[in-house]
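Below is one structure, written out as structure tokens; the observations come after it.
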Amino acid sequence: MIGTALVCLALNIYFEARDQPVLGQIAVAHVVINRVDSPRFPNDVCSVVSQGPTMWDGDFPIRHRCQFSWYCDGMSDKPREVRPWQIAREIADLVLRGSLSDTSGGAMFYHSSYVNPDWSKEMRVTAIIGDHIFYLP
């Protein structure tokens, strides 16, 4: 199971934060772990990463309605950049082993600084790393 969790977490780090500082990539990974540990979300990494809409369009979930945008953006989910993929896998492994501190401040939500989602107004900022803002309810 850890192998599957590692791949799911690494994919999330890669597609959500490969252009962010390492501390930001670690924070994105911890958001997934913080959700796994919360009764408000699914209790395993892959289910958290793939959490999304219950509506489907044929064989695909409705686009742009998943918790993590890359998961249902309609684009390939195959990493194409070797070094960022390697870094994402290393971070995922260390986070799953409990070897890296939570740089998100315990966050369960985040978004890029160039957007301003309505839900963020009801949240408390826990960290700002790179161009991601992290939150707790």
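Just so you know, this note's numbering puts 551 at position 22 of the sequence shown, and the rest follows in order with no gaps.
Cβ coordinates follow ideal geometry from the N, Cα and C atoms, glycine included.
- Query: Excluding sequence positions up to five away, which residues of its chain have a Cβ less than 8 Å from the Cβ of residue 666?
  - Reply: Excluding residues up to 5 positions away in sequence, 637, 638, 651, 652 and 653 lie with their Cβ nearer than 8 Å to the Cβ of residue 666 in the same chain.
- residue 629: which of 534, 541, 539 and 559 sits nearest, CA to CA? Selected option, being the one with the closest Cα: 559.
- Quick one: what's got a C-beta closer than 7 Å to residue 572's C-beta in the same chain, skipping five residues either side? Within its own chain, the residues whose Cβ lies closer than 7 Å to the Cβ of residue 572, once the five positions on either side in sequence are excluded, are 565, listed in chain order.
- Query: Around the C-beta of residue 583, are 16 or more other C-beta atoms found within 10 angstroms, so that it is buried, or is it exposed?
  - Reply: Unreliable positioning characterises residue 583 in this predicted model, as indicated by a pLDDT of 47, which lies under 50. The coordinate reading is nonetheless provided below. Residue 583 is classed as exposed because its beta carbon has fewer than 16 other beta carbons within 10 Å across all chains shown.
- Tell me, which residues are paired with residue 654 by DSSP? Per DSSP, the beta bridge partners of residue 654 are 664.
- Message: Quick check on residue 643: buried or exposed, where buried means 16 or more other Cβ atoms within 10 Å of its Cβ?
- Response: Per the 10 Å Cβ criterion, exposed.
- How should residue 578 be labelled, buried or exposed, when 16 other C-beta atoms within 10 angstroms of its C-beta is the threshold for buried? Residue 578 is buried by the Cβ-count criterion.
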